[in-house]
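In what follows, a structure is listed as structure tokens, so that the remarks can point back to it.
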Amino acid sequence: MKKFIIRSYKFCFVSRGPGETGQARALAKFLSKKGGKILFCLHQEKNLFFLEDDKEFEIFLTPTPEKLKEIVEKKNPDFLLLFNSKMWNDNFKKECPFKRPKFVFCFDSNWLFNQKKYPLYDFVRWADKYFVLFPERIFKLGLKEFGGDFEIEKEMKEKLIPIGFIPSYLSLKKGRREKIRKELGIKKGEKLIFSYFSGFGAGYRDWALRNFIKAVDRLVEKEIKLKAVYIGPKIEVQKEWLITIEKISSKKYFEILASSDLVFMHQGMVTLAQAISCQIPVICNVSILKKELPKLHFWEVSPFKRIGVCEMFTKTTKIEKISKRIEEFLFNKKEIKKMKKKQKEVFERGEEKFFGELQKICES
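Quick note on our numbering: the sequence shown kicks off at -15 and runs consecutively.
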């Protein structure tokens, strides 16, 4: 049996959007600390700021398969890690357009592995393994045979490995949380809500922001002491209780999230994973899409809602209900404890589990 020595391997990460960049960054940091050499390829220049704290990576902009080919053939990595498997065009998905590294892995936060059922969501076919970034319990709840909505190709089931959450951060130490809150101007006794509605990737949820502002205004009218951080594209809204941040590194994004009392967000799996990792109550807002699968986001978030690790609202949820639920997650100890308990039960560190799979592959 070969001995696995990570220092002898070079890993090339390729990330599609901001969510995937957050996931890839977390695993890259983990492997880098273990001694692995990291190349990091980004599709979009606008996502470079997510990596501004990560001096240990060699970072490249690869908006096309041709640009990726240049990097792979020049740097000769042992592993190619694609975040996610739906990137680029049909030609790229069918066949590797360059000299294939020894191992190719895909990482996805979805159940879309069925070309006949979901033809608009075809995937890279030439990977060795496909790692799904949910715990197995949540992955199963998304499948039709367990009451979910998704069907997976029979031949793909053997290649899919649910490994838990990436990123799977641990909660911040109390002193660090207090420092972050102080930097934001949060006074003693004030609650802090973290809000994010995309805008850098999968489509900005402006309706969710509008609902959020109306719901929080109701609470402020009741003289409830709170503040909210909004991270995303510039907005015209100005409220005494609202702190707006347009651009931020992945590290700072997480630190603010982990210092909050509640997360109010779109349906993004990276932000959701971070909230669950830190055991912070979280409310997701899902959209009807104008695509092949209009209820895709409902289907994706439903397993999380069913297992009790998040709440889920839509565009038409009444403001009164949203406001009431926000207040419960800020002050109702029973509701807070209930969700935190479920989050703790479900949580799995994906980085650790992937490393175990990596060892098995390299030693076989």
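Backbone N, C-alpha and C fix where the C-beta goes; we use that ideal spot for every residue, glycine too.
On a predicted model such as this, the values are computed, not experimentally measured, just so you know.
Considering Cα atoms alone, identify which of the options is closest to residue i.
i	options	result
residue 2	68, 280, 72, 168	68
residue 88	7, -2, 129	-2
residue 330	225, 48, 129, 147	147
residue 335	166, 10, -6, 236	10
residue 180	222, 196, 277	196
residue 217	189, 149, 322	189
residue 99	118, 129, 137, 75	137
residue 254	16, 318, 8, 315	8
residue 220	54, 243, 194, -7	194
residue -7	142, 64, 291	64
residue 156	116, 207, 141, 258	258
residue 222	52, 208, 201, 241	201
Excluding the 5 residues preceding and the 5 following residue i in the sequence, name in chain order all residues of the same chain whose CB lies nearer than 7 Å to its CB.
i	result
residue 349	In the structure as shown, the chain starts at -15 and stops at 348, and residue 349 therefore has no counterpart that could be examined.
residue 79	110
residue 215	180, 229, 232, 237
residue 287	122, 125, 126, 132
residue 328	263
residue 40	16, 22
residue 291	121, 122, 125, 326, 330
residue 0	27, 67, 68, 71
Here's a check: name, in chain order, each residue in its chain whose Cβ is nearer than 6 Å to the Cβ of residue i, leaving out the five neighbours to either side.
i	result
residue 86	62
residue 18	-10
residue 101	135
residue 361	With the chain covering -15 to 348 only, the question about residue 361 has no answer from this structure.
residue 272	278
residue 285	251, 268, 270, 296
residue 283	133
residue 90	66, 69, 108, 111, 114
Could you round the C-beta distance between residue i and residue j to whole angstroms and report it? I think they count as a contact, below 8 Å.
i	j	result
residue 114	residue 133	Actually they do not touch by this definition, with Cβ atoms about 19 Å apart.
residue 107	residue 59	Not confirmed; about 25 Å, so no contact.
residue 24	residue 42	7 Å
residue 82	residue 57	6 Å
residue 310	residue 203	7 Å
residue 243	residue 164	4 Å
residue 151	residue 6	6 Å
Considering only their Cβ atoms, is the gap separating residue j from residue i smaller than 9 Å?
i	j	result
residue 381	residue 154	The question about residue 381 has no answer, for the chain in this structure spans -15 to 348.
residue 212	residue 248	yes
residue 250	residue 192	yes
residue 313	residue 295	yes
residue 297	residue 246	no
residue 75	residue 103	no
residue 324	residue 265	yes
residue 12	residue 37	no
residue 112	residue 143	yes
Report all residues from its chain with a CB closer than 8 Å to the CB of residue i; omit the five preceding and five following residues, and keep chain order.
i	result
residue 199	303, 306, 307, 310
residue 55	-4, 23, 25, 44, 46
residue 337	147, 148
Whole alpha helix (DSSP H) elements within the segment 201 to 265, 4-residue minimum:
DSSP runs (the alpha helix (DSSP H)) wholly in the segment 201 to 265: 234 to 242, 253 to 262.
Residue ranges of each alpha helix (DSSP H) within the segment 70 to 113, 4 or longer:
74 to 78
Would you mind listing the alpha helix (DSSP H) stretches within the segment 283 to 319 that are 4+ residues and don't spill past its ends, in chain order?
303 to 315
Within the segment 125 to 195, note down every full beta strand (DSSP E) run reaching 3 residues or more, in order along the chain.
144 to 146, 175 to 180
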